Amino acid sequence: MSLLDIKQHMMKVKMATLGSLCHLFCAEPDTVRCMLRHWIAKGKIRQCIKTPACGSKCFKCPSTMIEMYEWVIDEQPI
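Going left to right, the sequence shown walks through residues 15 to 92 as this note's numbering numbers them.
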């Protein structure tokens, strides 16, 4: 897994959970978060927190499934 691999994947899918990225790149969550921070600092990716669909407050959803990342589409100047 490289920074370029993450960039290319995120450009393609636009949004992904931390869990799906860990599975795809066979990496631990902290490793993937560290790589994502590079793109977050450059303004290319933003972190989103998804609330569980059930609406309950039981917090049984794994954090890797509610922690989402979104590719920020570059706006073209007019």
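Even for Gly, the Cβ is constructed at its ideal location relative to N, Cα and C.
Computed from a predicted structure; not experimentally measured.
Beta-ladder partner(s) of residue i, from DSSP
i, result
"methionine 82", "Thr31, Cys62"
Alpha helix (DSSP H) segment containing residue i, residue limits
i, result
"methionine 49", "43 to 55"
Residue i vs residue j beta-carbon contact at 8 Å
i, j, result
"glutamate 84", "methionine 49", "no"
"isoleucine 59", "valine 27", "no"
"methionine 15", "alanine 41", "yes"
"cysteine 62", "valine 46", "no"
"histidine 52", "leucine 38", "no"
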